[in-house]
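**Student:**
There are 2 protein chains.
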Amino acid sequence: MARVTRLPGEGSAEVIQSVDRALRILTVLQGGRRMALGEIAGALELPPSTVHGIIRTLLAHGMVAQERDSQRYRLGPATLRLGNVYLDTLELRSRVSTWAGELARRTGFAVRTGVLLQGDIVVVHHEPRPDGTRQMPEVGIVIPAHSCALGKAVLAYDGDAAALVLAGPRRSMTGDTVTAKAVLRAQLAEVRASGLATEAEEAVLGECGVAAPLAEAGGEVAGAIGLVVPSGEWPADPSASDALRTAARAVSRELGAQAWPPTATGRAATA
Amino acid sequence: MARVTRLPGEGSAEVIQSVDRALRILTVLQGGRRMALGEIAGALELPPSTVHGIIRTLLAHGMVAQERDSQRYRLGPATLRLGNVYLDTLELRSRVSTWAGELARRTGFAVRTGVLLQGDIVVVHHEPRPDGTRQMPEVGIVIPAHSCALGKAVLAYDGDAAALVLAGPRRSMTGDTVTAKAVLRAQLAEVRASGLATEAEEAVLGECGVAAPLAEAGGEVAGAIGLVVPSGEWPADPSASDALRTAARAVSRELGAQAWPPTATGRAATA
DNA sequence: AATTACATTCGACTATGTCGAATCTCACTC
DNA sequence: GAGTGAGATTCGACATAGTCGAATGTAATT
Numbered sequence: 002m003a004r005v006t007r008l009p010g011e012g013s014a015e016v017i018q019s020v021d022r023a024l025r026i027l028t029v030l031q032g033g034r035r036m037a038l039g040e041i042a043g044a045l046e047l048p049p050s051t052v053h054g055i056i057r058t059l060l061a062h063g064m065v066a067q068e069r070d071s072q073r074y075r076l077g078p079a080t081l082r083l084g085n086v087y088l089d090t091l092e093l094r095s096r097v098s099t100w101a102g103e104l105a106r107r108t109g110f111a112v113r114t115g116v117l118l119q120g121d122i123v124v125v126h127h128e129p130r131p132d133g134t135r136q137m138p139e140v141g142i143v144i145p146a147h148s149c150a151l152g153k154a155v156l157a158y159d160g161d162a163a164a165l166v167l168a169g170p171r172r173s174m175t176g177d178t179v180t181a182k183a184v185l186r187a188q189l190a191e192v193r194a195s196g197l198a199t200e201a202e203e204a205v206l207g208e209c210g211v212a213a214p215l216a217e218a219g220g221e222v223a224g225a226i227g228l229v230v231p232s233g234e235w236p237a238d239p240s241a242s243d244a245l246r247t248a249a250r251a252v253s254r255e256l257g258a259q260a261w262p263p264t265a266t267g268r269a270a271t272a
Numbered sequence: 002m003a004r005v006t007r008l009p010g011e012g013s014a015e016v017i018q019s020v021d022r023a024l025r026i027l028t029v030l031q032g033g034r035r036m037a038l039g040e041i042a043g044a045l046e047l048p049p050s051t052v053h054g055i056i057r058t059l060l061a062h063g064m065v066a067q068e069r070d071s072q073r074y075r076l077g078p079a080t081l082r083l084g085n086v087y088l089d090t091l092e093l094r095s096r097v098s099t100w101a102g103e104l105a106r107r108t109g110f111a112v113r114t115g116v117l118l119q120g121d122i123v124v125v126h127h128e129p130r131p132d133g134t135r136q137m138p139e140v141g142i143v144i145p146a147h148s149c150a151l152g153k154a155v156l157a158y159d160g161d162a163a164a165l166v167l168a169g170p171r172r173s174m175t176g177d178t179v180t181a182k183a184v185l186r187a188q189l190a191e192v193r194a195s196g197l198a199t200e201a202e203e204a205v206l207g208e209c210g211v212a213a214p215l216a217e218a219g220g221e222v223a224g225a226i227g228l229v230v231p232s233g234e235w236p237a238d239p240s241a242s243d244a245l246r247t248a249a250r251a252v253s254r255e256l257g258a259q260a261w262p263p264t265a266t267g268r269a270a271t272a
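These protein sequence lines map, in sequence, to chains R and H.
So the first sequence is residues 2 to 272, counted in my numbering.
So the second sequence is residues 2 to 272, counted in my numbering.
(1) Can you check which of these residues, H127(R), S232(R), V16(R) and L117(R), is closest to P145(R) by C-alpha distance?
(2) Quick check: the Cα distance between A105(H) and G233(H), rounded to an integer number of angstroms?
(3) Could you name the residues of the same chain whose beta carbon sits closer than 6 Å to that of G141(R), not counting the 5 residues immediately before and after it, in chain order?
(4) Quick one: which residues of the stretch 73-84 of chain H get their C-beta closer than 9 Å to a C-beta of chain R? List them in chain order.
(5) Using the rule of at least 16 other Cβ atoms within 10 Å of the residue's Cβ for burial, across every protein chain shown, is I122(H) buried or exposed?
(6) For a minimum of 3 consecutive residues, which ranges assigned as the beta strand (DSSP E) are wholly contained in the stretch 41-125 of chain H?
(7) Any residues in the stretch 152-186 of chain R with a beta carbon nearer than 9 Å to a beta carbon of chain H? Which ones, in chain order?
(8) Check this for me: beta carbons of G210(R) and A260(R), under 8 Å apart or not?
(9) Taking 8 Å as the limit between beta carbons, can you name the residues of its chain near T58(R), skipping five residues before and five after?
(10) Please check if any C-beta of chain H sits within less than 8 Å of the C-beta of H147(R).
(11) Can you tell me whether D243(H) is helix, strand or coil according to DSSP?
(12) Just the C-alpha distance for G102(R) and R94(H), rounded to the nearest angstrom, thanks.
(13) Which stretch, first to last residue, makes up the alpha helix (DSSP H) that contains L165(R)?
(14) State the DSSP-derived secondary structure class of G32(H), mapped to helix, strand or coil.
(15) Taking the alpha-carbon of H127(R) as reference, which of Q119(R), G120(R) and F110(R) has the nearest alpha-carbon?
(16) Going by CA-CA distance only, name the one from I26(R), V184(R), R107(R) and R130(R) that's closest to D243(R).
(17) So which of G176(H), V184(H) and M36(H) has the shortest CA-CA distance to A163(H)?
(18) When you compare only the Cα positions, how much space is there between G160(H) and A265(H)?
(19) Beta-carbon separation of L156(R) and V166(R) under 8 Å?
(20) If we cut at 8 Å on Cβ distances, does R4(R) have a partner in chain H?
(21) Indicate the three-state DSSP secondary structure (helix, strand or coil) for I17(R) in the structure shown.
(22) Taking a cut of 7 Å between CB atoms, which residues from the stretch 30-52 of chain R lie near chain H?
(23) Considering only residues of the same chain and omitting the five flanking positions on each side of R34(H), which have a CB-CB separation below 6 Å?
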């Protein structure tokens, strides 16, 4: 099945309905944190009994958990195990971790590495500032790609993803978030020209950033690495950018890339 | 469907076949790290085309990723996001984190907190030793419940889980791992008597541990908190156990439990 | 005790996933 | 540089397997 017309709102392409719904339930639970069956069903516009059947399966695998008192559903511990294995298997992460420490020491800033997931950046590595300010676990956090330097660095070289972001709505995170399509498109072109992306308080107040794309074998973008710079120290010294560029080049080489920056792919800015 | 006889090997109960298969694919990928379609199909004893359809759906959601060159499949970044949100929503974790720091400082040991997932413990919080030895990210790692103090602490009060572990095969992690059913059952009874579980080089060589169960509203076990003690310092000073017990009691109270230790549930040791 | 608001189970219907076979892709060989 | 083969991917008929409305169960609220 799943071979003919597809209803809007349902899985956007050739996906298996029930699996798609299961994943959508997980997605909804990410936002809602703890939800009643009815809420989930409402959010997905599906009958509660249908949702119940799927959830029962997710429950059996520990992907969701049900609170014994309130009967509400939450994400389950199996998600944590999956995420952890993902990090373990990510070559990008292991390559980056050797360079990130050095980069943080040299520049004095925290170093973040991220990959693209749909229109967002997921942070897969975080090297704290050498002076030890702040210790929050930042690995796993998700930032809209258009609002952060890491995201711009990736979008500049991934035209398909850029088209997707440019097409959809772009959430404003702070007063300075760039949401205008034309401005964003111009910024991506600048990134391609310089090999570096920047961001000033566009995602988080008080925080700015520079980032460089990472290339993998085949010449495509694999992700981006960047410095987190407090607004008070912005713009950072040019030497920091140089160190960043050097690190990005080194990591890319280790990933098997022949060239850096990556080659831009997909039909980017036309839409 | 899914209403009549179930084939062995397929989902063990009233689960939705395709969703169950999708989750099983993710599980297989956890072990295999990067696998060809055929390998996955082989591991699950399913036709490749069936697996392909499901994987296509997982791919669309970023739960798996496909390497552009080798065509192999890996877990995808969406798993990381899920795991991170899980940690955020876990009340257990937030309650524990306030006490774990204090406990680590008082005792001088690293403090771990875990919850049960099927027959394993998943570590949801890790407070490093105050002296800063070792910095590995331990959150998300999975340890067979029967081989660690955290696991014994939970199993002692969760009879159903204990029955499951006692029924299935118990992997030996080190020479000292307790795999004998009778011995393990006796140990769980001891835990119930003392409120503390111990383990000496049963999971990792050079590492011992003490753990205490955590109770939640309703009186059931929610997880366990424990100290990681290097073999050279084992057994730890009784004052450490006292501090641990105090912390476990405090966290349990914050979770809404009326009593500590938790009440033992389920038909435990009979099998 | 009655009412309400849920979650959960049941069962018929048919839309939907499944799987074998056909096709496509690409990496080796000769 | 065509030929071979190992794989992934697509196609399509078929019957299984998921879906959803209605019935039942459960627990909180008045």
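By construction, the Cβ of each residue, glycine as well, lies at the ideal position given by its N, Cα and C atoms.
Note that the structure is a prediction, hence the values are computed from the model and not measured.
**Tutor:** Working from what's here:
(1) L117(R)
(2) 18 Å
(3) none
(4) R75, L76, G77, P78, A79, T80, L81, R82, L83 and G84
(5) buried
(6) 65-67, 74-76 and 111-118
(7) none
(8) no
(9) A23
(10) no
(11) helix
(12) 28 Å
(13) G160 to A168
(14) helix
(15) F110(R)
(16) R107(R)
(17) V184(H)
(18) 7 Å
(19) yes
(20) A caution first: R4(R) carries a pLDDT of 34, below 50, which makes its placement in the model too unreliable to give a value.
(21) coil
(22) Q31, R34 and R35
(23) none
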